[in-house]
Structures are given as C-alpha cells and as structure tokens.
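Visitor: Mind having a look at this structure? Questions to follow.
Residue numbers (the UniProt record's numbering): 1 to 211.
The following block contains the structure:
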C-alpha cells in the first residue's frame, strides 16, 4: 500500500492543504484574461500540453507565465492523464498566484495515482497515468531492487532526488523472487529528522487519507 507518508517522502509534496477550486464553466474571455491568450484548440475545456510548451515563453507577465507553468505541472505530473492534455478548470485555483502554494496539489497527485492504479488493477486501463515514477521509487526503496546509488546520497530527501541519473552508480540487475520477498520495513530511516515528516507519520497512524 502506497501510504500518504510514502508519497510525501518520495515527492516532497504536502497533502492536506486547502481544497483545490475548479470551474467547469469558464468563458473564453476569462480564459484569455488568465492566460493572456486564447488557446487555438480546445476539447471539452482541455488544452494540449504541446500548446502550453510552445506558448509559455511568449507570456508577457509573471502571472500568466506562472499559470501556464502550473497547468504544465498539473498535466505532466500532478494529474497526468493519458491524452497529453490538461483541463483549464484548474485555472480557477490559479487566479491569485500568491495563493497557489496553499492548495492541496500533493493530494491531487496522490489521489490521481491511486485512481489509475485502481483502474489498472481492474483492467479498465492498459497503461498507468498519474505519476508512475512514484510507484517505481516506492518499489526500489521497499524491496531494494533498483539501481545502486552513490554512498553520499543515501539519506537525500525528498527521496526521488537520489534516483536521478547523476546519483546512480549502476543500473538495476535482474532480481529473483527470493530478492523480491526481502522487503525493507523501514526504508525511510532518517526522514523523521525533517519536521515536515512528523505530521504524515501521524496521518498514517490514524489511517486517514484526506480530510
């Protein structure tokens, strides 16, 4: 089970902040006001990630650039779907860029990943959306079957940092079933030194996912 604490330690994203506000009825005028330009092609208020990549460098101010960046972040990591698009409904939470940090983006990413894992296990999907690298790192940490990391990056936090290519000393080898059965019961040893981790440990203890 990928717990909230696991997700937090791997990604460093906070869970349990303010609920994300969406608006499914944004007008063309509101979209243009928030992005500085109206996307050329929209499908059910979804915009192509490629369009955002091409247009973000043309933003005329910090606010519109920040909103485009956040849409890219949502569409490529937080709420990654299988269609290479992102919904503009999230723009409502991006209106005030000073408030972006207060929303539950970590909760969005965690819930999206669990949703896709559930659908995949039911064979409702053929591939995994969300942030699948989190699951991969979770496997590496708990079962110690991943690449070998350099000694001086052993306790890096968030944990995804130590699985970057520059931190690896060798690629993973084929593992037997015997190795897969040798699960580490405390892969996050040392993370308790970080104050932010304490709340998530308590969250796991009460078996609560979201408030």
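Where is the CB? At the ideal position from N, CA and C, for every residue including glycine.
Use the C-beta contact count for residue 9: other C-beta atoms within 10 angstroms, 16 or more gives buried, fewer gives exposed.
Guide: By the neighbour-count rule (16 or more Cβ atoms within 10 Å), residue 9 is buried.
Visitor: Within the segment 41-99, note down every full beta strand (DSSP E) run reaching 3 residues or more, in order along the chain.
Guide: Runs of the beta strand (DSSP E) inside the segment 41-99: 46-48 and 85-87.
Visitor: In its own chain, which residues sit with a C-beta less than 7 Å from the C-beta of residue 209, not counting the 5 before and 5 after it?
Guide: Confidence is the limiting factor: at residue 209 the pLDDT is only 47, short of 50, which leaves the residue's position unreliable, though a coordinate-based value still follows. So the list reads 4, once near-sequence residues are dropped.
Visitor: Measuring CA to CA, which of 30, 33, 34 and 52 is closest to residue 40?
Guide: Comparing Cα-Cα distances from residue 40 to each of 30, 33, 34 and 52, the minimum goes to 52.
Visitor: Within a Cβ cutoff of 6 Å, which residues of the same chain sit near residue 75, ignoring the five residues on either side of it in sequence?
Guide: The answer, listed in chain order, is 49 and 86.
Visitor: Considering Cα atoms alone, identify which of 94, 164 and 84 is closest to residue 66.
Guide: Ranking the options by Cα distance to residue 66, first place goes to 94.
Visitor: Just verifying my parser: in three-state terms, what is the DSSP assignment at residue 149?
Guide: If DSSP states are grouped into helix, strand and coil, residue 149 belongs with the strands.
Visitor: Which stretch, first to last residue, makes up the alpha helix (DSSP H) that contains residue 34?
Guide: Residue 34 -> alpha helix (DSSP H) spans 28-35.
Visitor: Using the rule of at least 16 other Cβ atoms within 10 Å of the residue's Cβ for burial, across every protein chain shown, is residue 159 buried or exposed?
Guide: Buried, because 16 or more other Cβ atoms sit within 10 Å of the Cβ of residue 159.
Visitor: Are the beta-carbon atoms of residue 97 and residue 63 separated by less than 8 Å?
Guide: Yes, these two residues count as a Cβ contact at 8 Å.
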